[in-house]
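A.B. asks: Have a look at this one before I ask anything.
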Amino acid sequence: MADLKDFAEQLVNLTVKEVNELADILKEEYGIEPAAAAVAVAGGAAAGGGDAEAAEEKSEFDVILKAPGGSKLAVVKLVKELTGLGLKDAKDIVDSAPKAIKEGVAKDEAEGIKKSLEEAGAEVELK
3 MADLKDFAEQ LVNLTVKEVN ELADILKEEY GIEPAAAAVA VAGGAAAGGG
53 DAEAAEEKSE FDVILKAPGG SKLAVVKLVK ELTGLGLKDA KDIVDSAPKA
103 IKEGVAKDEA EGIKKSLEEA GAEVELK
């Protein structure tokens, strides 16, 4: 058990460069897909290594409406559609900007929502 603890400690203390090298070794020598290995190992490295690595591996995003812009009605309708809320609730969200529209969504979905809201004239941020 002590050996596994030592091994875990070594993994947590890997640098980003070392994580990339480990991913290459796992793929080339053992046929293990580096994306899954890199996320697992980098996740541990980020926990002990700092915010820069954590930001790189982020998989869930919050879509924040910063300002409704000039076409407030279009933004309210879009927020209603995106959230499934009623018109009054959607209007309340838009009126109380900056406000989270969706939380904990995948990167692709978050970027799609952001694009839609920006096309409607809103100012949007992903966190």
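Quick note on my numbering: the sequence shown kicks off at 3 and runs consecutively.
No residue lacks a Cβ here, since even glycine has one placed at the ideal position from N, Cα and C.
In the DSSP assignment, what are the bridge partners of residue 127?
C.D. replies: Paired residues: 66.
A.B. asks: Counting pairs of Cβ atoms below 8 Å between the segment 82-98 and the segment 28-37, do you hit three or more?
C.D. replies: Counting Cβ pairs under 8 Å, fewer than three are found: no touch.
A.B. asks: Checking the sheet assignment: what are the DSSP bridge partners for residue 108?
C.D. replies: In the DSSP output, where bridge partners are listed per residue, residue 108 has 62.
A.B. asks: Kindly indicate which three-state DSSP category residue 102 falls into: helix, strand or coil?
C.D. replies: Correct three-state label for residue 102: strand.
A.B. asks: CB-CB under 7 Å to residue 63, same chain, minus the five flanking residues each way: which ones, in chain order?
C.D. replies: Result list for residue 63: 107, 109, 112, 128 and 129, in chain order.
A.B. asks: Skipping 5 residues on each side, what residues in its chain have a beta carbon closer than 7 Å to that of residue 99?
C.D. replies: If we look at residue 99 and ignore the five residues flanking it on each side, its Cβ neighbours are 67, 68, 69 and 70.
A.B. asks: Classify residue 4 as buried or exposed, calling it buried when 16 or more other Cβ atoms lie within 10 Å of its own Cβ.
C.D. replies: So residue 4 counts as exposed.
A.B. asks: Could you check if residue 101 is buried or exposed, using at least 16 other CB atoms within 10 Å of its CB as the buried criterion?
C.D. replies: Label assigned to residue 101: exposed.
A.B. asks: What does the alpha-carbon distance come out to for the pair residue 88 and residue 78?
C.D. replies: Taking the straight line from one Cα to the other gives about 10 Å.
A.B. asks: May I have the straight-line CA-CA distance separating residue 122 from residue 105, to the nearest angstrom?
C.D. replies: Their Cα atoms are separated by approximately 20 Å.
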